[in-house]
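If you count by the working numbering, then the sequence shown holds residues 2 to 348, one letter each, in order.
C-beta atoms are modelled at their ideal positions from N, C-alpha and C, and glycine is treated no differently.
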Amino acid sequence: MLQKLEEVKKEFDSEIDSVASMPDMAQFKADYIGKKGRLSALMGGMRDLSVEDKKTFGARANEVKQEMIAAVEKRSQAIELEAINAKLEKNRQDISWTDRITDKGQQAAGLHPLTKVTRELEDLFLSMGFDILDGPHIEDEYHNFEALNIPESHPARDMQDTFWFKDKKHLLRTHTSNLQIRGMETHKPPFKFVGPGKVFRCETLDASHEAAFHQLEGMMVGRDISVPHMIHFLRTLLSEIFKSELKVRLRPGFFPFVEPGFELDYECLLCGGKGCSVCKQVGWVEALGCGMVHPNVLRGGGIDPNEFNGFAFGLGIDRLTMMRYRIDDVRHLHSGNLQFSEQFRTY
């Protein structure tokens, strides 16, 4: 009996790898370990064995059955994986679309100008040693206002028309400055990071304002950082972005999360400083708001302002894109007009 059992096991082992489909596997399993299978037939003959032989044969038969079950499961998984791979290979598409699209006489695809500028900014900051952060569009009141030195009673809240949710505790973030707090929660000084993203405000739409637009927040914290350090860095940043020296000006500005606060402007590239709809006829475009991080904000991020300080800045990506590509109306960027967008094909 034991010899017959081992012969059945040997035949099972030699045949299982040739089973190529799940229906065949079901039949194979029934033939060997089903109720009417070969193993069950052998075990049915145990009644003719002595007590000792029954123990020996029964123990080995159970071992063989478990080995067969495990082998069937393993081979079944392999068959399923082979079927999936075959289906994927059959439906595989070549992702190098350029030649194929061009051969059909269609226009090649391209990145949206906002995407291009955002990626260029990320690459630039990475080359400067900055970390790139991301944050939620749906933000809580603490990270968007309170931790940024804008308590509920602060008049600065009136400066931003906010999209609130019904619970009055969550909102669509009004700026990427929420990343200052979230960044400090995950970084220990000294550090420097930036975070690009979309923000939302109840703006009146015009040539330079949208209800949803893009900003890039930046923050650098360490020891003995000063306003001259910030100014030099931001001048260098704008020169790298535009690949040329720009005419800039620095003027006082109010932002609750920095003290002192400034606004950095550059001469409008669309009109050369003569005045147009984009620069509101003043000849200057606001590049970014900036300033030394307020001590209360550092405390909100768990940093001792007596030991560390730093500066923060917020850059408008939409306006930067308009200057880069000489776009005279921000609404073009969000219009979905293919005739407009196809000008920015990159391949």
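| said: I'd like to check one pair, L247 with F263: are the Cβ atoms closer than 8 Å? | reply: no
| request: Within the segment 22 to 104, note down every full alpha helix (DSSP H) run reaching 4 residues or more, in order along the chain. | output: 23 to 34, 39 to 45, 52 to 91 and 99 to 104
| request: Would you check if the distance between the CB atom of N307 and the CB atom of N150 is smaller than 8 Å? | output: no
| query | How big is the Cα-Cα spacing for D14 and F58? | reply | 19 Å
| query | Within this structure, are the beta carbons of L316 and L217 separated by less than 8 Å? | reply | yes
| field | Residues sharing a beta bridge with M221, DSSP | value | K193 and F312
| task | With a floor of 4 residues, list each alpha helix (DSSP H) that falls wholly inside the segment 127 to 203, ordered by position along the chain. | result | 142 to 145 and 179 to 187
| field | Nearest-angstrom Cα separation, counted from G198 out to K167 | value | 24 Å
| field | Own chain, CB closer than 8 Å to K105, minus 5 neighbours either side, in chain order | value | Low per-residue confidence applies at K105: pLDDT is 48, beneath 50, and the placement is therefore not dependable, though the value from the model is reported in the following sentence. The answer is none, since no qualifying residue turns up.
| The beta strand (DSSP E) enclosing G301, as first and last residue numbers | Not the beta strand (DSSP E): G301 falls in the alpha helix (DSSP H), residues P296 to G301.
| query | Using 8 Å as the threshold, is the segment 28 to 39 in touch with the segment 53 to 72, meaning 3 or more CB pairs across them? | reply | yes
| task | Note down the Cα distance separating R300 from P261, rounded to an integer number of angstroms. | result | 17 Å
| request: Measure the C-alpha to C-alpha separation of K117 and G196 and round it to an integer number of angstroms. | output: 15 Å
| Do we get a CB-CB distance below 8 Å when we pair E204 with the residues of chain E? | This model lacks chain E altogether; it includes just one protein chain.
| field | For D14, three-class secondary structure by DSSP | value | helix
| task | Could you tell me whether the Cβ atoms of D1 and E241 are closer together than 8 Å? | result | Any answer about residue 1 is impossible in this case: the structure gives the chain only from 2 up to 348.
| request: Please go through the same chain and pick out, in chain order, the residues whose beta-carbon is closer than 6 Å to the beta-carbon of F214, but skip the five residues on each side of it. | output: D319
| How is R250 classed by DSSP in three states: helix, strand or coil? | strand
| In or out: E83 buried (at least 16 other Cβ within 10 Å) or exposed? | exposed
| request: Just the C-alpha distance for I34 and R61, rounded to the nearest angstrom, thanks. | output: 14 Å
| field | Counted within 10 angstroms of its Cβ, other Cβ atoms place P114 as buried (16 or more) or exposed | value | buried
| query | From K36 to A42, what does the alpha carbon distance come to, in whole angstroms? | reply | 8 Å
| C-alpha distance - D25 paired with L134, whole-angstrom precision | 53 Å
| field | Counterpart residues of V259 in DSSP-defined beta bridges | value | V294
| request: With DSSP collapsed to three states, give me the class of L235. | output: helix
| said: When you compare the CB positions of P249 and L239, do they come within less than 8 Å of one another, or not? | reply: Correcting the residue identity first, residue 249 is Val in this sequence and not Pro. Closer than 8 Å, so yes.
| Taking the C-alpha atoms as reference points, what is the distance between G274 and K281? | 11 Å
| message | Just list the residues that DSSP pairs Q216 with in beta bridges. | response | G198 and G317
| field | Closest by C-alpha distance to E186, when choosing among N338, G303 and F341 | value | G303
| message | Could you compute how far the alpha carbon of G223 sits from the alpha carbon of Y143? | response | 24 Å
| said: Could you give the first and the last residue of the continuous alpha helix (DSSP H) run that contains S342? | reply: L339 to S342
| message | With a threshold of 6 Å on Cβ separation, who are the neighbours of F201 within its own chain once the five nearest residues in sequence on each side are excluded? | response | F164, L173 and A213
| From H233, L127, P257 and M231, pick the residue whose C-alpha is nearest to that of H176; which is it? | P257
| field | Residue closest to T322, alpha-carbon to alpha-carbon, out of H171, C277, F312 and L122 | value | L122
| request: Quick one: grab the DSSP three-state call for T124. | output: The displayed chain sequence assigns Asp, not Thr, to residue 124. Of the three classes helix, strand and coil, the one that applies to D124 here is helix, per DSSP.
| query | Just how far apart, CA to CA, sit R327 and A79? | reply | 58 Å
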